[in-house]
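Only one structure is covered here, and it is reproduced in the block below.
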Amino acid sequence: MRRIFAGVIMLILMSLVTYVLFFSGGLHPERAACGKNCSPAQWEQTKKALGYDKPAVVQWGEFLKGTVAGRTYPEDKALAKANPSLVSTCPAPCLGYSVVNTTNVSTEVKTAFPVSFSLAILAFIMWIVGGVFFGVIAALRRGTVVDRGIVGVSLIFYAFPTFWIGLFFLKFFAIQWQIFPVPSYVNLTDSPLAWLGNLVLPSLTLALIYMAGYVRMTRAFVLESFGEDYLRTARAKGLPNRRVLVKHSLRASLTPIVTMAGLDFGALVGGAIITESVFNYDGLGALAVDSVRTLDLPTIVGLVVVLAAFIILANIVVDILYAVIDPRVRLG
Amino acid sequence: MANRKRMVAAIATTAVAAMTLAACGGGGSSSGGGKASSGGTLYYYVYKPYEHQDPQRTYLGVQISNDTRMIYRQLVAFPISTNPDVSNKPVADLATDTGTSSNGAKTWKFTLKSGQKWQDGSTITCADLKYGASRTFATDVITGGPNYILSYLDVPQDKSGLPIYTGPYKSSAAGQAAFDKAITCDGNTITYNFNKPWPDFPLAVASLHMMDPYKKSQDQGNKSNYAMFSSGPYKLQGTWSKEKGGTFVRNKYYKSTSALKKIRQANPDKIVFQVGNTAETIYDRLIADSGNDKYAVTSNIVPPAYYSRITGAVAKRSVNVKSPYVDYLVPNFNVLTNQKVRQALAESTDVKSWIDAGGGDKAYAPAKSIVNPAVNGYKANPTFADIPESGDPAAAKKLLQEAGVQTPYPITFQYPSSDTMDKQAAALKAGWDKAGFKTTLDGLGDTYYDVIQKPSDPASVIWGGWGADWPSAITVTPPLFDSRPNITKASNGQDYGNYKSDAFNKLVDQAQNASDLSAQTTALQEADAQLGTDVGYIPLEIQKFYFLYGSKVTGFTNTPASSMYPDLGSIGVSK
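As you go down the protein sequences, you meet chains X and B in turn. Numbering of the first sequence is given in the numbering used here, commencing with residue 178 and proceeding in unit increments. Numbering of the second sequence is given in the numbering used here, commencing with residue 313 and proceeding in unit increments.
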């Protein structure tokens, strides 16, 4: 409970920091909205229409109020009275209304979330399975060609930037050789097969980068555990090697892996900006890029809060998993 | 500008650049892909999502052109032609003719053709036209679009300088009455009353969608931003996704005639817009030319890194044409007060090196005026006509001596920083320094326009880019150099060089008060010459568009009417 409370405080502070940073940057979102040949009076009117005429702290206060009480847009009583159908309602918890995208930020997040989540979950499965599997193989074949090969290849992928791998896959596997379709997100409910087929390249792009770290980490922790007394005892008791590895060595290695995996997954659910941009996936990452490009403050703030919430949630889940994996945590 | 890579990096720059994109102009011409054929599906690839699809809010040249050809009909429209003399002359679309002016071009009348339909089969009426124009006044809801009508229509202004009419959603009775007097409907005839002459009003109507009809029952203000209620040959199937695009299918209520075919042939049965792929991905696909990509065109230009791949058979599917957009420099008149120094700057500007650093002759062509050659009444500016492309450092040195200033003369060049622009700026610096200047480069980020719009900005020379809103210099030099609407204590508006000239302003007044196009054009040519004499600007280059299209695309054309983007009015696909 204490952690959840701390998390909420953290979210509130992060939203404040976002407002302060945005307005201290000297940016003027009303410039584009006002159009060409914009007179000073029109400029001021546009600023007011976009809701940027009030001090940053007041705007932040209205944002916070909206999260518990909801908001309407535009907050123009005369317009609401004369033409109520033009006013949009943003029910609590309202993360804001994007004038640029003419929709509630929560709706934008709901639309983009399945894309980012699909990408993240498939990449997560790939890198965890691949990372742990190859890490264990490398540890078991320590010093051999297999070990060096696995570590070497993983380092190569780790060294390449995400956009390079993504563009390579897109250019050759999709466009030139046409082994996979040019990725385009398909809803899982529309066609599970198409969903999977279209996700392979972007997920693999992400997985290869992450997998490299997990291979090396798994290898290191498994090797470290091999030298532990309790493992020697287990072997002395006559336990088969496979059981020693799975029951004792791998379990001991899992704690740091779960920590890292939880945080990585939490961050990834919040949007893989580069991968989504390369493959034209309209997830949270792409939404973040677009909102920054168009100076869409409500979306920027909403995304900061949502993404921070994912990280905080991932931390809490990791803490819970610790207790499952390591009984000492429960006892403590 | 939305179609320019170097501007992508600068967020604020992008925002403003979007505003500078508008309808007409262009230079050169091209067509390819064989004779246009009817039927099939055309794919249209776009990188950046469109901010608006509402006719009164659309301001990107490419969108305006596509909408004219597909979904939004106007009173008058530009025909499909690669010849600017033809393409820049409006022809009747919804109206029976190109309009009649009276009262010294302060009053314009158009009569609607009878039986023209919306996509739901209802008739397009004079009231729809009036309602469309009224939406432009709701500047708190209908944002982002062209706002010329606010200053032209004969509606009184309040103390702040805003019209007393505030649009159809909420307005005072006095405001509504003023608007009802300014635009009147008499059966199928609509009359516009302006507070000053507007001799090129039909050009403005054909170039922008601000005067388009809008059906009141379909209007939901900001919520209608992506709702496209068609009056053209296509209609949106389902909804438009800002990030993904949408599909347009035939609108059965659009009845084509031989006259309307000059504006839109409407060849494909279906047009699929796909938004979001980067220019690199689009060109990888167009070069590979497989699957649906064979039937595809794009509004993105070939990235310079791909120039070397456009060879052989692929090159036969490419076009390289002058765009409607001109880049230029402005000397800051608050800093470079000596005319001889400004002349020396112009003489030593190495346009060739600037172009080479920016991608070469496939990316740019040298400009001899800030006005694009495809604009009506274009004339090379006499001051810049004879300056060599690489500049003349010797002549510049002489001018600096005559100016009596100490050399090296320190100057600062401000521009929106990007990899390409940094290289181009370095090329300019070399030329200027050779002539006796000592140049400091000041590449700026997101806040570029906020900085250069401050009258106190200490930069000596500043970069700018512009495109005409309609094919008349009235939308080029007056908005950029008339100090009266631009310069206030807090901002110089679009007059980044703080240029103030009574002689120039007088010529602008002459142009704005002219009741016929020829007198207006003459005044504008003289105004441009005055700018040259004062060195109010230094022309750099005309951006070029380099496009590739799929092998099954037919009738591929870029016209001044389409702002030199692929003209959907003529394009088809073979089966």
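For each residue, glycine too, the CB sits at the ideal point set by N, CA and C.
Beyond the five residues adjoining it in sequence on each side, B/Q822 comes within less than 6 Å, by CB distance, of A835 in the same chain, given in chain order.
If the five residues before and after B/A826 are omitted, its C-beta is found closer than 7 Å to the C-beta atoms of P509, P511, Q832 and A835, all from its own chain and listed in chain order. The region 587-606 of chain B and the region 349-357 of chain B touch, with no fewer than 3 CB-CB distances between them shorter than 8 Å. The beta carbon of X/I386 is closer than 6 Å to those of T339 in its chain, skipping five residues each way along the sequence. Ranked by Cα distance from B/Y371, the options B/A489, B/G779, B/T866 and B/K887 are led by B/G779.
X/D406 is classed as exposed because its beta carbon has fewer than 16 other beta carbons within 10 Å across all chains shown.
Note on B/A518: 16 or more other CB atoms within 10 angstroms of its CB, so buried under the neighbour-count rule.
Residues of chain X with a Cβ closer than 8 Å to the Cβ of B/K535 are, in chain order, L263, S265 and T279.
Chain-ordered, the chain X residues with CB closer than 9 Å to the CB of B/D758 read G202, G203, L204 and L472.
Here B/G588 is near B/K556, since their CB atoms are less than 8 Å apart. A buried status is given to B/N378, since no fewer than 16 other beta-carbon atoms sit within 10 Å of its beta-carbon. The beta carbons of B/R447 and B/Y526 sit closer together than 8 Å. Annotation: B/S772 to B/Y721 spans about 11 Å, alpha carbon to alpha carbon. The Cβ atoms of X/S293 and X/G447 lie closer than 8 Å to each other.
Excluding sequence positions up to five before and after B/K582, its CB lies within less than 6 Å of the CB of T353 and V561, all in the same chain and listed in chain order. Each residue's CA atom was taken as its position, placing B/D432 and B/Y565 some 8 Å apart. Secondary structure note for X/P379: its alpha helix (DSSP H) is the uninterrupted segment P369 to F403. B/D440 and B/K528 have their alpha carbons spaced roughly 7 Å apart. Rounded to whole angstroms, the gap between the alpha carbons of B/D397 and X/L365 is 54 Å. One thing to note: X/V392 has its Cβ no nearer than 8 Å to the Cβ of X/S468. Contact between the region 621-633 of chain B and the region 656-663 of chain B is absent: fewer than 3 CB-CB pairs across the two stretches fall below 8 Å.
Taking 8 Å as the threshold, the shortest C-beta distance from B/T451 to chain X falls below it.
Listed along the chain, the chain X residues whose CB falls inside 8 Å of the CB of B/A600 are I352 and Q353.
Within the same chain, V264 come within 6 Å of X/A257 by CB-CB distance, once the 5 residues on both sides are set aside. Look at X/P358 here: in three-state DSSP terms it is coil, with no helix or strand label. Not a single CB atom of chain B sits nearer than 8 Å to the CB of X/S331.
Among the residues of chain X, those whose CB is under 7 Å from the CB of B/N589 are N457, following chain order. Taking each of B/F696, B/L756, B/Q736 and B/D745 in turn and checking the Cα distance to B/Q842, the smallest one comes out for B/F696.
Taking a C-beta cut-off of 9 Å against chain X, the contacting residues of the region 553-567 of chain B are S553, K554, E555 and K556, listed in chain order.
Residue environment analysis places B/S768 among the exposed positions, since fewer than 16 neighbouring C-beta atoms fall within 10 angstroms of its C-beta. Nearest CB-CB separation between B/Y849 and chain X: not below the 8 Å threshold. If the five residues before and after B/T590 are omitted, its C-beta is found closer than 8 Å to the C-beta atoms of Y359, all from its own chain and listed in chain order. Relative to the Cα of B/A708, the nearest Cα in the group B/Q655, B/N688 and B/Y760 belongs to B/Q655. Nearest neighbour of X/L445 by Cα position, chosen from X/P291, X/H425 and X/G326, turns out to be X/P291.
Under the three-state reduction of DSSP, B/W775 is assigned to strand. Within the region 218-230 of chain X, contact with chain B at the beta-carbon level (separation under 9 Å) is assigned to A218, Q219, W220, E221, Q222, T223, K225, A226 and L227.
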